[in-house]
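Note that this note's numbering has the sequence shown beginning at 677, numbered continuously upward. Built from N, CA and C at the ideal position, the CB exists for glycine as well. Quick caveat: nothing in here was measured; it's all calculated off a predicted structure.
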Amino acid sequence: MDRERRENRPTAARERSCRRRAMMRPAAFLDRDGVLNVDHGYAHRPEQLDWVAGAPEAVRLLNEAGYYVIVVTNQSGVARGYYDEGAILRFHAYMQERLGEHGARIDAFYYCPHHPRGSVKEFAVDCACRKPLPGLLAQAVGDWPVDLSRSFMIGDRDSDIAAAAAFNIPGIKFDANTQSLPALVRQEIAARDR
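In structure tokens, the structure reads:
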């Protein structure tokens, strides 16, 4: 009898799994440079933050639609010795602060500091997190209860779209010179609400 009760009692792992499924939401995975901020090349200082037109609004729209907003970005400037990881963290904190002024937030930032031709030895490696590989996406999904069936990625480079394809989610290529990010986000939200 006692053994039977023990076996039928939900385990902590099963309870966590149930809670995780209950919290599942779609995610919008966004590249950073060229999608959220103007790509000035290795942006890492607060004064280098220039939003792509409509980026704060687009993030707010995703927040309001119940999406996790997760940034996945290659930051090879670390491997190249242009700046350290602390600079990335400060830049992301500044982005978050500025987004807050627009009623928007990013739920998480994931970055790859590696590049095989880097000059900083510990970061000059081939890795699984550098796009076009899907390592950053996999890490995010391991940390967040993401409903992949309704998730997507927006990026401005072929490597972003390739990472999305490798992770079996739709990848949408964005060009800040010819497209509106808020309009694209509205379109993608509507397509998944059908």
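Proximity winner among the options, relative to residue i (alpha-carbon distances)
i             : options                           : result
aspartate 709 : Gly757, Phe843 and Tyr786         : Tyr786
alanine 840   : Ala731, Asp715, Thr749 and Leu860 : Thr749
valine 728    : Leu712, Val735 and Ile837         : Leu712
glutamine 772 : Leu725, Ile830 and Asp715         : Leu725
glycine 847   : Ala859, Gly779 and Glu864         : Glu864
leucine 775   : Ala816, Glu733 and Ala800         : Glu733
leucine 824   : Pro722, Glu723, Tyr743 and Val861 : Tyr743
alanine 780   : Gly818, Tyr770 and Cys788         : Tyr770
aspartate 707 : Arg870, Asn844, Cys788 and His778 : Cys788
glutamate 798 : His790, Cys805 and Ala852         : His790
arginine 862  : Ala816, Phe828 and Asn853         : Phe828
glutamate 740 : Val747, His778, Pro792 and Asn853 : His778
Which of helix, strand or coil DSSP assigns to residue i
i              : result
aspartate 678  : Only weak support exists for where aspartate 678 lies, its pLDDT of 47 falling under 50; the value from the coordinates is given anyway. Helix, per DSSP.
leucine 725    : coil
isoleucine 782 : coil
glycine 794    : coil
alanine 704    : strand
isoleucine 837 : helix
methionine 771 : helix
valine 822     : strand
valine 801     : coil
arginine 685   : Unreliable placement is indicated for arginine 685, whose pLDDT of 46 sits below 50; the coordinate value is still reported in the next sentence. Reduced to three states, the DSSP call for arginine 685 is coil.
isoleucine 845 : coil
glycine 776    : helix
glycine 762    : helix
Nonlocal neighbours in the same chain, by C-beta distance under 6 angstroms from residue i, ignoring five residues either side
i              : result
alanine 842    : Pro810
alanine 731    : Leu712 and Leu857
valine 822     : Ala703
valine 665     : Since the first and last residues shown for the chain are 677 and 870, residue 665 lies out of range.
arginine 679   : Its pLDDT being 45, under 50, arginine 679 is placed unreliably in this model, and the coordinates cannot settle the point.
methionine 677 : Because the pLDDT at methionine 677 is just 46, under 50, the model does not fix this residue reliably, and the value given afterwards should be weighed accordingly. So the list is empty, once near-sequence residues are dropped.
Bridge partner(s) assigned by DSSP for residue i
i                 : result
cysteine 788      : Asn750
aspartate 709     : Asn713
phenylalanine 850 : The partner list for phenylalanine 850 (beta bridge, DSSP) is empty, contrary to what the question assumes.
tyrosine 744      : Ala703
Close-in-space but distant-in-sequence residues of the same chain around residue i (CB under 8 angstroms, 5 per side omitted)
i           : result
valine 796  : Val754, Ala755, Arg756 and Gly757
serine 835  : Asn750, Lys807 and Pro808
proline 722 : Arg766, Phe767 and Tyr770
C-beta neighbour in chain B for residue i, strict 8 angstroms
i             : result
glutamate 773 : Checking the listed chains, one finds no chain B in this structure; it contains a single protein chain.
Cβ-based neighbour list, residue i, same chain, cut-off 7 angstroms, excluding 5 preceding and 5 following
i              : result
histidine 720  : Gly753, Tyr759, Ala763, Ile764 and Phe767
isoleucine 837 : Gly831, Gly847 and Lys849
Proximity test, residue i beta-carbon vs the ligand PLP heavy atom, cut-off 7 angstroms
i             : result
glutamine 724 : With respect to the ligand PLP, the structure shown offers nothing to examine, as it has no ligands at all.
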